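If you read the protein sequences in the order shown, they are chains F and Z.
For the record, in the first sequence the residue sitting at position 104 is 104 according to my numbering, with numbers rising by one throughout.
If you want my numbering, it's the 1-based position in the second sequence plus 1000.
We put the CB at the ideal spot given by N, CA and C, even for glycine.
Remember, it's a predicted structure, so these values are computed and weren't measured experimentally.
Read through the structure below, which is laid out as structure tokens, and then see the notes.
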Amino acid sequence: GAGVSQSPSNKVTEKGKDVELRCDPISGHTALYWYRQRLGQGLEFLIYFQGNSAPDKSGLPSDRFSAERTGESVSTLTIQRTQQEDSAVYLCASSLGGGGNYGYTFGSGTRLTVV
Amino acid sequence: AQSVTQPDIHITVSEGASLELRCNYSYGATPYLFWYVQSPGQGLQLLLKYFSGDTLVQGIKGFEAEFKRSQSSFNLRKPSVHWSDAAEYFCAVGARYSTLTFGKGTMLLVSP
């Protein structure tokens, strides 16, 4: 597509429920990244995909968080048994390659509210 | 490990005044440096990037940044700020085989 698409744009869920967030990267972008942005905070790295493998998932905060990617296409970030501290904007980005020499293109994010 | 420091959490500038946002990085080799802007409710948009060559880089929306290796800095500047520039600005550093590391951001407020 023309840009990085994320869905849903907003999600309100009850504590303890599972949620799935979706990211559709730019066509041809082999690298995909998930970041979390809590209110008033910077960007917190979660996971990086190169193709459908995840060379770096060091930022996932707990085993309640998981992500997968199908080929060089859509990725889903799943949060199980959501907690209130999971409330944040979840940003997805993609780039042509996996190195830091490529700029990232970001989606508009999914605002997750856990009540 | 690479890191980025944006010393100013908030900055207020009068419309029409000049702007400088500070960014200091820590990285052993030649870094790749980026500035992004985030308007409310939006994702991050790339303003400009530095890879090599001329240390003064021009970006979109009239922004520029200067890479100073001796000071490990990559400050963002604009000669005359417009009300529409009010947003949050993020500096990021990358290396060839690593992901980008972002600073915590600087919120720019523009007063009339």
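By the Cβ neighbour-count rule, residue 105(F) is buried, with 16 or more other Cβ atoms within 10 Å of its own. When secondary structure is reduced to three states using DSSP, residue 1071(Z) falls in the helix class. Pairwise C-beta distances place the stretch 1076 to 1094 of chain Z out of contact with the stretch 17 to 36 of chain F, as fewer than three of them are shorter than 8 angstroms.
Looking at the backbone, the Cα of residue 79(F) and that of residue 20(F) are separated by about 7 angstroms. Interface annotation, residue 1039(Z): not in contact with chain F, CB-CB separation never under 7 angstroms.
Taking 7 angstroms as the CB threshold, residue 1100(Z) lines the interface with chain F. Three or more Cβ pairs closer than 8 angstroms define a contact, and the stretch 94 to 103 of chain F falls short of that threshold against the stretch 35 to 42 of chain F. Look at residue 90(F): its C-beta is not under 7 angstroms from any C-beta on chain Z.
In chain order, 1099 make up the part of chain Z whose C-beta sits under 8 angstroms from the C-beta of residue 56(F). Look at residue 1078(Z) here: in three-state DSSP terms it is strand. For residue 1042(Z), a Cβ of chain F is located within less than 7 angstroms of the residue's own Cβ. For residue 1034(Z), the enclosing beta strand (DSSP E) starts and ends at 1032 to 1038.
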